[in-house]
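Residue numbers (full-length UniProt numbering), protein chains in the order written: chain R, 1 to 1005; chain D, 1 to 109. Where a beta carbon is used, it is the ideal one built from N, C-alpha and C, also for glycine. Given the structure is predicted, the values throughout are model-derived calculations rather than measurements. Structure record follows, encoded as structure tokens.
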Amino acid sequence: MSTRLSKLGRLIDRTKQVSFSFNGTTMRGFAGDTLASALLANDQMMMGRSFKYHRPRGVVASGAEEPNALVGLGEGSRFEPNQRATTTELFEGLSAKSQNHWPNLDFDIGAVNTAFARFLPAGFYYKMFIHPQPFWKHVYEPFIRKSAGLGKAPDAETRDADTYEHFYAFTDVLIIGGGVAGLQAAKAAALTGVKVLLVEQTAHWGGRAPVDGGTIDEGPVDKFVEQIVSELETMDNVTMRLRCMGAGIYDHGYALAYERLTDHAPQVAGPRHRLWRIRAKQIVTATGAIERPLSFAGNDVPGVMLASAMRDYVVNWGVTPGERVVVATNNDDAYRTAITLKNAGVDVLRILDARASGGGALADEVRALGIRVDPGKAIAKVSGGKRVKKVSICNQEGIGGARDEVSCDAVAMSGGWSPVVHLWSHCGGKLIWDDAQAHFRPDPDRPPLGADGAGFVSVAGAANGALALGETLSDANAAGLAAAKAAGGKAKRPKAPLGESAAELPMEPVWLMPANADTPLRVKSWLDFQNDVKVSDVQLAAREGYESVEHTKRYTTLGMATDQGKLSNINGLAILADALNAEIPQVGTTTFRPPYTPISMGAIGGEARGEVFQPIRRTPLHDWHDRNGADWEPVGHWRRPYAYQLPGESVEAAVNREVKNTRENLGLLDASTLGKLIVKGPDAGRFLDMMYTNMMSTLKPGKCRYGLMCSENGFLIDDGVVARIDEDTWLCHTTTGGAERIHAHMEEWLQTEWWDWKVYVANVTEQYAQVAVVGPNARKVLEKLGGMDVSKEALPFMEWRDGQIGGFDCRAYRISFSGELSYEIAVAASRGQAFWDALTEAGKEFGVMPYGTECLHILRAEKGFIMIGDETDGTVIPQDLGLHWALSKKKEDYLGKRAQQRSHMADPDRWKLVGLETVDGSVLPDGAYAVGEGTNANGQRNMIGRVTSTYYSANLDRGIAMGLVKHGPDRMGEVIEIPGTDGKSYKAKIVDPVFFDKDGEKQNV
Amino acid sequence: MLILHCPCCGVDAEETELHAGGEAHIKRFGPGSDDDQFHDYLFMRENPKGVHFERWQHANGCGKWFHAARCTATLEVFGTYRAQTTEPPKDIRDAITAKRPGWVWREFS
Chain R
1 MSTRLSKLGR
11 LIDRTKQVSF
21 SFNGTTMRGF
31 AGDTLASALL
41 ANDQMMMGRS
51 FKYHRPRGVV
61 ASGAEEPNAL
71 VGLGEGSRFE
81 PNQRATTTEL
91 FEGLSAKSQN
101 HWPNLDFDIG
111 AVNTAFARFL
121 PAGFYYKMFI
131 HPQPFWKHVY
141 EPFIRKSAGL
151 GKAPDAETRD
161 ADTYEHFYAF
171 TDVLIIGGGV
181 AGLQAAKAAA
191 LTGVKVLLVE
201 QTAHWGGRAP
211 VDGGTIDEGP
221 VDKFVEQIVS
231 ELETMDNVTM
241 RLRCMGAGIY
251 DHGYALAYER
261 LTDHAPQVAG
271 PRHRLWRIRA
281 KQIVTATGAI
291 ERPLSFAGND
301 VPGVMLASAM
311 RDYVVNWGVT
321 PGERVVVATN
331 NDDAYRTAIT
341 LKNAGVDVLR
351 ILDARASGGG
361 ALADEVRALG
371 IRVDPGKAIA
381 KVSGGKRVKK
391 VSICNQEGIG
401 GARDEVSCDA
411 VAMSGGWSPV
421 VHLWSHCGGK
431 LIWDDAQAHF
441 RPDPDRPPLG
451 ADGAGFVSVA
461 GAANGALALG
471 ETLSDANAAG
481 LAAAKAAGGK
491 AKRPKAPLGE
501 SAAELPMEPV
511 WLMPANADTP
521 LRVKSWLDFQ
531 NDVKVSDVQL
541 AAREGYESVE
551 HTKRYTTLGM
561 ATDQGKLSNI
571 NGLAILADAL
581 NAEIPQVGTT
591 TFRPPYTPIS
601 MGAIGGEARG
611 EVFQPIRRTP
621 LHDWHDRNGA
631 DWEPVGHWRR
641 PYAYQLPGES
651 VEAAVNREVK
661 NTRENLGLLD
671 ASTLGKLIVK
681 GPDAGRFLDM
691 MYTNMMSTLK
701 PGKCRYGLMC
711 SENGFLIDDG
721 VVARIDEDTW
731 LCHTTTGGAE
741 RIHAHMEEWL
751 QTEWWDWKVY
761 VANVTEQYAQ
771 VAVVGPNARK
781 VLEKLGGMDV
791 SKEALPFMEW
801 RDGQIGGFDC
811 RAYRISFSGE
821 LSYEIAVAAS
831 RGQAFWDALT
841 EAGKEFGVMP
851 YGTECLHILR
861 AEKGFIMIGD
871 ETDGTVIPQD
881 LGLHWALSKK
891 KEDYLGKRAQ
901 QRSHMADPDR
911 WKLVGLETVD
921 GSVLPDGAYA
931 VGEGTNANGQ
941 RNMIGRVTST
951 YYSANLDRGI
961 AMGLVKHGPD
971 RMGEVIEIPG
981 TDGKSYKAKI
991 VDPVFFDKDG
1001 EKQNV
Chain D
1 MLILHCPCCG
11 VDAEETELHA
21 GGEAHIKRFG
31 PGSDDDQFHD
41 YLFMRENPKG
51 VHFERWQHAN
61 GCGKWFHAAR
71 CTATLEVFGT
81 YRAQTTEPPK
91 DIRDAITAKR
101 PGWVWREFS
């Protein structure tokens, strides 16, 4: 069993008990425990089940690389799946649930998958598509849906109860990793005077060196760590952060760090996570190394752990994972685990050293402690279901015929060490294969490059392959100094502390144990614990022709789980290389991508949620609308009233009331959101002639003209009324969503093509409140307010005047988007509310009512006016919409003119704008397609058009619509078929798009 | 997350301040051009692994467009310069030659 020891535990405080729950059972641990160490102390070795086969799984590692011990943490609005028990610090009241099982952890129905393992081979998802379609639906889909997804997603209806923030930091040198290498690199850098930021993912400085032993400057490692930390803390140019993981390195010295502020102390106020967005001149990754598992049969049985992790549990948390332990290794380092265990009073039954020659100095120490060492031996198989029961032992060189068995309850395995090269690799740092240590390490000659073409990332310590304590420190000292110099530090030569540790003999790579394991063993030898990928799966992929490591990864899912193959990748590569008869460096690695370990979505979002996710633009009349029943609609970043509901009134009824009232009496529309761009300068007319398809330079001051804008591709991008203000000034109205975009469009052409033209463009959209006064009584209300002459003669259609109305300074445009007598009146934004109030008051006797965007749409559709974004979608040209009259024939050039001469643009088969009238008066479904004769190559009915705008018109008491139809204008009166998604098919007659007041008599009064 | 120096306002701008505008030094063809010329102007772009000239706008800054000469493979920036030119200035071309002797890009080298 796994249990708490009576001594050891450098990170726990035995005076402070902490209670927590696991699957509803209350357990106890100590302050300083991780969830994993506390579970082990409660003899809870099994912590979950595997993804695919639902095999019992226990904790394998002690840190960020843990693949198995994933739990659902917290409850309700704080529930999070897939949290690693090894990196979860224990706190009072913590609640955790294990994953991937039903009905419970001990007894699981899905575990039958393991019996059908041969039906779930590598490439299962791809292979199922070989079978006929009904199989996908009725056999595979139900099965996949049930087994898909690691852990349980949080309830979709809950909202994360915590807050998060982003933090911007600028530093000369960023050091990622606070082990002895990171600390020494930070000190070497800081002594030169540069600004240093040091981040460490765990809650403790010093990394794993204090566990591994040895001495620094002839003292214990813990002492060194304590000293250097207090030294760094006194330096003004050093910032240090614990629980802060270097998540990713990006272009030009950009890095992300993920700080977990309150995960360990949920009672503390403030944000839960903080995402550091860092710009560093130089980055040093001191990210250490990760031990590799060995691939033998049953290496996933709970109780089989990394040798270093077992050592961590004993030394750091005073917990032993077992009472009778077998150690399997290919290197000297694992002997340290045997020594640690033995000294802690745990039986170490056997050390199986795959090397024929056995170990060095540490092996002698082990023998002196009375532990049996078997060189050249290997684990043939580990037996046990939910817990290791026994180990079968064989020769490493062989197929696995076992000669010997040892009963035990835990196995420590070590396949050597792999430097953590992720951060080095994120931004393009390349790797070299180190034959002696059988691992990839950063190639110092091919670092990630910065803006100046020089490297901006370097590596320190074990992450650089400098595994022995002495090498680690001297390497880190040099790396810290070099980075500081490159970042502008003044040269100082800090002396590296002297690290001493036991001499080690070289490791020997062991990629499969035993070396020629037969098939029954290989199908039980796990590579990727989290995604359930075995040696046999990678070999099958190779046999099926997958030679590229990137393809093999995707085909087998090796390394694609949440741990991104931190334990599995190298072993998997080696198996693939062997199957392909290639060298490991030739096979190469898959791509390392940020983040290093998963970071919370909350941290990525930061403060940008709820109301601040995207700030809303409000017109000067926003609050009035809100108080008067506005049913809001988002338009660009604005909110506009869709309709104004009276008490007890439906939105639909409100729209119909507004539509009728505006045509019969008087409507007011808040048109402030319309874009308003001032274009000014001696060349402004010439410039606008290029921007618009119409001629704008000939417009007379005081007059307005409706204009179309096209992209250089010929497609419509915006429309609106242009008013000429004076000799060299025009005011261009844009669509509500288009102001910023069109402003940028104008600037781009002015700055990059016609930079010698003298024109300024200013966006004055928000300077004005603009109110459309619309309906038969529009003139009456303005005359009642008094001021400027708004008669037909003084202010004719498509003209504008400056003046006063009701005492308000204003500009009145006589323009109409409804076909009614209509004025759009602009006042200073600060006067908008008062002006609106004056109109509302004066309009009472004329039946005034505000109207919203839906009424606006219906009124314009009744008149056959197009709307950018409805009738256009980025592929529509003015000719499609029958707008030839707005295309100047006099101008030699305008944006889009040449494009509209291209053969496809002039194709007579292009769909053209028409009106559509349902035969039965019903309303056509929006966006529906019209179908014609015959079918296409896929057996679908040929399409001949689509609905672009469709409404119920209360004025006409029937559905009206516009659409683009092939040869439409030539097919007036024809009835076409338009199937809806509601299962009905609609019949509509092609008609003229102007449904109401065809001669325009209502607006010309 | 590039950093580019804005030659108009002098700021070393973060990529979040910038708006990418595609290839630089494209000559406009309008009415009167033949189909091939116009097609190439609209659609044909260089896609080099190495030296490239791009348009960028300091959108969340001074608002000005400028040009950048950089290496698409290493992200090295050889220099930035004002957009009001039809060809890369000599000092930029020299800076590239110093780092990438023998470079060629469209008609420039």
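6 Å CB neighbourhood of residue i in its chain, flanking five on each side removed
i	result
Asp880 (chain R)	Arg910, Lys912
Arg100 (chain D)	Val51
His562 (chain R)	Just to set this straight, residue 562 (chain R) is Thr in the shown sequence, not His. Asn82, Pro598, listed in sequence order.
Ala354 (chain R)	Asn330, Ala378, Gln396, Val510
Ala36 (chain R)	Val59, Ala69, Ala85, Thr86
Cutoff 7 Å; reference residue i; Cβ partners in own chain excluding five residues on either side
i	result
Thr590 (chain R)	Val549, Glu550, Lys553, Gly559, Asn569
residue 119 (chain D)	One cannot answer for residue 119 (chain D) here, as it falls past the ends of chain D, which runs 1 to 109.
Ala503 (chain R)	Gly360, Ala361
Leu924 (chain R)	Leu916, Thr918, Val947, Thr950, Gly959, Ala961, Ile978, Tyr986, Ala988
Val535 (chain R)	Ser295, Leu512, Arg522, Ser525, Leu527, Ile575
Leu895 (chain R)	Met690, Met691, Cys710, Ser711, Glu712
Per-residue burial, residue i [other beta carbons within 10 Å of its own, 16 or more giving buried]
i	result
Asn656 (chain R)	buried
Ile717 (chain R)	buried
Asp626 (chain R)	exposed
Glu76 (chain D)	buried
Thr16 (chain D)	exposed
residue 1007 (chain R)	In the structure displayed, chain R extends from 1 to 1005; residue 1007 (chain R) sits before or after that span and is not available.
Leu449 (chain R)	buried
Arg403 (chain R)	exposed
Cys855 (chain R)	buried
Pro615 (chain R)	exposed
Pro134 (chain R)	exposed
Gly807 (chain R)	exposed
Tyr760 (chain R)	exposed
Met45 (chain R)	buried
Whole-number beta carbon distance between residue j and residue i, since they are thought to touch under 8 Å
i	j	result
Leu90 (chain R)	Gly29 (chain R)	5 Å
Gln1003 (chain R)	Ser816 (chain R)	5 Å
Arg78 (chain R)	Asp155 (chain R)	So it is not a contact: roughly 11 Å between Cβ atoms.
Met507 (chain R)	Asn316 (chain R)	Actually they do not touch by this definition, with Cβ atoms about 24 Å apart.
Cys408 (chain R)	Leu349 (chain R)	6 Å
Pro419 (chain R)	Asn477 (chain R)	18 Å between Cβ atoms; not a contact.
Ser672 (chain R)	Gly685 (chain R)	Not quite, the Cβ-Cβ distance comes to about 27 Å (not below 8 Å), so this is no contact.
residue 1080 (chain R)	Ala61 (chain R)	For chain R, the structure presents residues 1 to 1005; residue 1080 (chain R) sits outside this window and is missing.
residue 1007 (chain R)	Cys704 (chain R)	With chain R running from 1 to 1005 in the structure shown, residue 1007 (chain R) is simply not present.
Ile371 (chain R)	Ile393 (chain R)	That belief does not hold up - the Cβ atoms of Ile371 (chain R) and Ile393 (chain R) are roughly 15 Å apart, past 8 Å.
Sequence-distant residues of the same chain with beta carbon closer than 8 Å to residue i, five excluded per side
i	result
Trp836 (chain R)	Leu621, Trp624, Leu668, Asp670, Ala769, Val771
Gln99 (chain R)	Gly48, Arg49, Leu70, Val71, Gly72, Pro81, Asn82, Leu150, Gly151, Lys152
Practice item. Mind checking the stretch 738–760 of chain R against chain D and listing, in chain order, the residues whose C-beta falls within less than 9 Å of any C-beta there? Key: Ala744, Glu747, Glu748, Gln751, Thr752, Glu753, Trp755, Asp756
**Study point:** Cβ-based contacts, 7 Å cut-off: residues of the stretch 50–71 of chain R near chain D
**Key:** none
Practice item. Check distances from the C-beta atoms of the stretch 350–368 of chain R to those of chain D and list, in chain order, the residues that come in under 7 Å. Key: none
Point to revise | Interface positions of the stretch 707–730 of chain R facing chain D (Cβ-Cβ less than 8 Å), listed along the chain | key: Glu712, Asn713
Review point. Which residues, in order along the stretch 73–85 of chain D, keep a beta-carbon less than 8 Å from a beta-carbon of chain R?
Key: Thr74, Leu75, Glu76, Val77, Ala83, Gln84
Point to revise | Contacting positions in the stretch 247–275 of chain R - beta carbon closer than 7 Å to chain D | key: Tyr250, Asp251, His252, Tyr254
**Study point:** Every unbroken beta strand (DSSP E) inside the stretch 407–463 of chain R [3 residues or more]
**Key:** 410–414, 417–419, 431–434, 439–442, 457–459
Exercise for review: Anything in the stretch 887–901 of chain R with a Cβ closer than 8 Å to a Cβ of chain D? List those residues in chain order, please.
Suggested key: Glu892, Asp893, Lys897, Arg898, Ala899, Gln901
Point to revise | Residue ranges of each alpha helix (DSSP H) within the UniProt domain "Aminomethyltransferase C-terminal" (912–997) of chain R, 4 or longer | key: none
Practice item. Taking only runs that begin and end inside the stretch 832–864 of chain R, name each unbroken beta strand (DSSP E) of 3 or more residues, in chain order. Key: 848–850
Check your understanding: If you scan the stretch 760–844 of chain R from start to end, which runs of the alpha helix (DSSP H) of 4 or more residues do you find wholly inside it?
Key -> 778–785, 832–843
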